[in-house]
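As structure tokens, the structure follows; a few thoughts come after it.
Residue numbers (this note's numbering), protein chains in the order written: chain A, 28 to 132; chain B, 77 to 467.
Here's what the structure looks like:
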């Protein structure tokens, strides 16, 4: 009974959801985590260019703040003079002065 | 580039729920780029023209307005000009002509020639089959340069470079070979100008004058006849050496107090002219041989509907008259021209040692200016010895 309880606590992750089979398989096969198309991948070039992949949509956008919905929570980018140079499904390329990147739970 | 070819639009999104609308666009798989928020709260974005019509469906249920700010790309350009067939035809013809003509040689530039005439180079090129209008492809520049060199002995090297529609031919001319003097002929070195000997060095022959001696043009400076007194046979050599001497150049100019100049005689006539686009269509006939025009203030009328210009003024007769001039002005002019005259006579290789200027004003008002320039130069000149062979 005690062993069962321990197993259940280990498997519960973000917002009490169970990890999907895809993630478990990727982990077992030593593949990069972002290939599951759920985990966001953030690539920053210098302090003015930012590429976000695997996001789930734009929550808020203005020239000083961009918020993206992602599988791991709300991704918040603060700065100034933001331009979304490219916006496609699951992919956003931001130009501007980036000051802070954080996740909101 | 592809967006410009297939056409794209800059749209403006106003109202509430712009982010929601953007998400709907993304879900529909429509790519947008250059999304930025304006100061008024609206968002500008760029998207493919063909995707724009899909937005109406996606907008449903949102209080968001869409406007097209600008259209870019070939489809819009075509839509704008499709009824102007002649313009499109002209553009196509121009483009074709540019493509056709830029692949040919039309201009030739020859550089570095001073002795060889340009016509010789052009003839050489033409003989090699390169003329204006020849295709650029197939011209071997290195071989052409070599070929040009063979057409004239004065060309030491020739290089050909293709620069667009221009063929640049660079030529290096060969140095002229100096004429070899016959060193066996007996000659003297004589003075070609009057002067005072500053330095004399006889390399061959016997120096006839010493430093400080005044010589006249034609005097023998280095003698080629070195026969000793009482010798049975005459001994002649080809005299050689350096002879430097001080030479004076003097120029004197006298100017009278009055000079003939064109001046107004007092006669005049009214003058009118009409110009259209700068070309005169009417002018008052002038009766004087020499005249001067003077336009009245505000006589030139411009700013009419046509490029018309009306000119009003007076035409004054000019005749040759004796004008009395100020002595200072005359003196300056006399000095200037006297100096110019003296300098013109100084050879380029001579070095100027000093210059003396003298001026004089006569009682009559006439002036005189004299400029003397002293130079140091080589005055030696080779001259054959005239002698009679005695039996």
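Cβ atoms here follow ideal geometry from the backbone N, Cα and C, with glycine treated the same way.
State yes or no: is the beta carbon of residue 33/A nearer than 8 Å to at least one beta carbon in chain B?
As a position in the first chain, residue 33/A is number 6, starting the count at 1. With a pLDDT of 44 at residue 33/A, under the threshold of 50, the predicted position of this residue should be treated as unreliable, though the coordinate-derived value follows. For residue 33/A, the answer is no, since every Cβ of chain B falls outside 8 Å of its Cβ.
Go ahead and pull the three-state DSSP assignment for residue 78/B.
Residue mapping note: residue 78/B aligns to position 2 of the second chain, counting from 1. In this structure, residue 78/B counts as helix in the three-state DSSP scheme.
Less than 8 Å separating the beta-carbons of residue 102/B and residue 84/A?
Locating residue 102/B in the second chain gives position 26, counting from the first residue. Locating residue 84/A in the first chain gives position 57, counting from the first residue. Cβ atoms of residue 102/B and residue 84/A: closer than 8 Å.
Please confirm whether residue 259/B and residue 314/B have their CB atoms less than 8 Å apart.
Taking the second chain and counting its residues from 1, one reaches residue 259/B at position 183. Taking the second chain and counting its residues from 1, one reaches residue 314/B at position 238. Yes.
For residue 92/B, which of helix, strand or coil comes out of DSSP?
On the second chain, position 16 is the one that residue 92/B refers to. Residue 92/B: coil per DSSP, three-state reduction.
Cα separation between residue 69/A and residue 87/A?
Within the first chain, numbered from 1, the residue matching residue 69/A stands at position 42. Within the first chain, numbered from 1, the residue matching residue 87/A stands at position 60. Spanning the two alpha carbons is a distance of roughly 18 Å.
Going by DSSP, name the residue or residues bridged to residue 182/B.
Numbered from its first residue, the second chain carries residue 182/B at position 106. Partner(s): none; residue 182/B has no beta bridge.
Distance, Cα to Cα, residue 120/B vs residue 113/B?
The count along the second chain starts at 1 and reaches residue 120/B at position 44. The count along the second chain starts at 1 and reaches residue 113/B at position 37. The straight-line gap from Cα to Cα measures roughly 6 Å.
Taking Cβ-Cβ distances below 7 Å as the criterion, which residues of the region 63-96 of chain A are in contact with chain B?
So the close ones are 84, 85, 86, 87, 88, 89 and 90.
Helix, strand or coil for residue 39/A, going by three-state DSSP, please let me know.
Here residue 39/A corresponds to residue number 12 of the first chain, with the count starting at 1. At residue 39/A, the pLDDT of 47 sits below 50, so the modelled position is not reliable; the number obtained from the coordinates is stated separately. In the structure shown, residue 39/A sits in coil (DSSP, three-state: anything other than H, G, I, E or B).
Give every residue of the same chain whose Cβ lies closer than 7 Å to the Cβ of residue 118/B, excluding the five residues on either side of it in the sequence, and list them in chain order.
Within the second chain, residue 118/B is the residue found at index 42, counting from 1. Result list for residue 118/B: 88, 89 and 90, in chain order.
In whole angstroms, give me the CA-to-CA distance for residue 150/B and residue 224/B.
Reading the second chain from its first residue, position 74 is the one you call residue 150/B. Reading the second chain from its first residue, position 148 is the one you call residue 224/B. Going by the C-alpha atoms only, they are around 49 Å apart.
Based on the DSSP secondary-structure assignment, which residues constitute the bridge partners of residue 346/B?
Residue 346/B sits at position 270 when you count from the first residue of the second chain. Residue 346/B pairs with 390/B.
So, at 8 Å on beta carbons, what are the nonlocal neighbours of residue 311/B in its own chain, with the 5 sequence-adjacent residues on each side left out?
Taking the first residue of the second chain as 1, we reach residue 311/B at position 235. Contacts found: 301, 302, 303 and 304.
Under a Cβ-count criterion, where at least 16 other Cβ atoms within 10 Å of its own Cβ denotes burial, should residue 100/B be classed as buried or exposed?
For the purposes of this step, residue 100/B is taken as residue 24 along the second chain, with counting starting at 1. Buried is the call here.
Any beta carbon from chain A within less than 8 Å of residue 95/B's own beta carbon?
The residue labelled residue 95/B in the question sits at position 19 within the second chain. At least one chain A Cβ lies under 8 Å of residue 95/B.
If you check the beta carbons only, do residue 455/B and residue 407/B fall under 8 Å apart?
As a position in the second chain, residue 455/B is number 379, starting the count at 1. As a position in the second chain, residue 407/B is number 331, starting the count at 1. Contact: no.
The alpha helix (DSSP H) that contains residue 222/B, what's its start and end?
For this step, residue 222/B is matched to residue 146 along the second chain. 217-225 is the extent of the alpha helix (DSSP H) around residue 222/B.
Beta carbon of residue 241/B, beta carbon of residue 185/B: below 8 Å?
Here residue 241/B is taken as the residue at index 165 of the second chain, counted from 1. Here residue 185/B is taken as the residue at index 109 of the second chain, counted from 1. No. Outside cutoff.
Under 9 Å between beta-carbons, which chain B residues line up against residue 115/A? List them in chain order, please.
Taking the first chain and counting its residues from 1, the one referred to as residue 115/A is at position 88. Per Cβ cutoff of 9 Å: 102, 105, 106, 107, 108 and 109.
When burial is assigned at 16 or more other CB atoms within 10 Å of the CB, is residue 129/B buried or exposed?
As a first step, residue 129/B is located in the second chain; it is residue number 53 there, counting from the start. It is exposed - the Cβ of residue 129/B has fewer than 16 other Cβ atoms within 10 Å.
Considering just the uninterrupted stretch of the alpha helix (DSSP H) at residue 49/A, what are its terminal residues?
Stepping through the first chain from its first residue, residue 49/A is reached at position 22. It spans 48-55 - the alpha helix (DSSP H) in which residue 49/A sits, taken as one unbroken run.
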